[in-house]
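Since the structure comes first, as structure tokens, the remarks are kept for the end.
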Amino acid sequence: MGFLQSIFKRARREPYLEKRGRSRLNCSIATEFNDVKGKTWSCRIVDMSENGFGIATSAHLRIGNTINMMRPSVEARVVWATESRAGLRIIT
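Residues 2 to 93 (the working numbering) make up the sequence shown, in order.
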């Protein structure tokens with residue numbers, strides 16, 4: 002069982018749904034990640050689903066980039082990105 006799947010089994014889910022119809026859990030977790038160049042950035046995990054999570058950050062992320070989150074210790078791929086938000090899908 003993956004990291005996010007184990008959280009979703011224990012967590013109380015919020016009543017709203019995202020665009021694709023999957024439950025999302027609102028949260029606010031301060032963390033850091035390393036980008037492809039090895040630079041460390043601070044970010045905040047703002048929501049989670051069973052497949053990944055959304056972050057708020059000042060880093061300029063590109064779709065398809067892989068990043069290494071510090072806490073939780075996972076590797077994730079950028080699925081969508083705007084100026085200050087990004088959606089990540091867990092790889093490991």
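Note that CB positions come from ideal geometry on N, CA and C, so glycine has one too.
- Inclusion of Met70 and Thr32 in the CB contact set at 8 Å is warranted, their separation being smaller than that value.
- Bridge pairing for Arg45: Ala31, Ala57 [DSSP].
- For Gly39, the closest alpha carbon among the candidates Ile46, Ala57, Asn66 is that of Asn66.
- For a cut-off of 8 Å, the C-beta gap from Val75 to Ile91 is around 5 Å, short enough to register as a contact.
- Counting C-beta atoms within 10 angstroms of its own C-beta, Ile30 has fewer than 16 neighbours from the protein chains shown and is therefore classed as exposed.
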